[in-house]
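A.B. asks: For the sequence shown, this note's numbering gives the first residue as 3, with consecutive numbering after it.
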Amino acid sequence: MKKFESFYNPPLVIKKMFGSFVWESKCSKILLTFDDGPIPETTPLILKKLDEKKLKALFFTVGENAEKYRSLCKEILSEGHVIGNH
C-alpha cells in the first residue's frame with residue numbers, strides 16, 4: 003500500500019513544480035488515455051485488453067490517422083470508448 007500512497011500523493015517538490023497539474027482527491031477513479039492513434043498495430047491489442055478487463059478509455063486521435071483508419075475509430079466508439087482530437 004505504501005507504494006500506491008507515494009504515487010497517489012506526489013512528493014512536495016512535484017507539487018511545487020507542477021502545482022497547477024497536481025490535484026489531490028479522495029476519488030478512487032482514474033482516466034485511461036491513449037494518444038496519437040489509432041495505430042493498426044497496437045490499437046486492436048489495447049481494445050482487446052480493455053474489453054477483457056471491462057474498462058473504458060479515452061483515445062486522442064491524430065486527424066490524419068483518424069481519416070486513414072476510420073474503421074478503427076468506429077471500433078473504438080462501438081466498444082463504448084471516447085475519442086478526442088489531439
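Quick reminder that beta carbons are idealized off the backbone N, C-alpha and C, glycines included.
Remember, predicted model here, so these are calculated numbers, not experimental data.
Considering only residues of the same chain and omitting the five flanking positions on each side of His-88, which have a CB-CB separation below 7 Å?
C.D. replies: Cβ within range, chain order: Asp-37, Asp-38, Phe-62, Thr-63, Val-64.
A.B. asks: If contacts are defined as beta-carbon pairs under 8 Å, then Pro-42 and Leu-74 qualify, I think. What distance do you get, rounded to the angstrom?
C.D. replies: 7 Å
A.B. asks: Under 7 Å Cβ to Cβ from Leu-33, same chain only, skipping five residues before and after it: list those, please.
C.D. replies: Leu-60
A.B. asks: For His-83 and Lys-58, which I take to be in contact (beta-carbon distance under 8 Å), what is that distance rounded to the nearest angstrom?
C.D. replies: 6 Å
A.B. asks: Let me confirm a value: Pro-40 is counted as buried when at least 16 other C-beta atoms fall within 10 Å, else exposed. Which label applies?
C.D. replies: Label assigned to Pro-40: buried.
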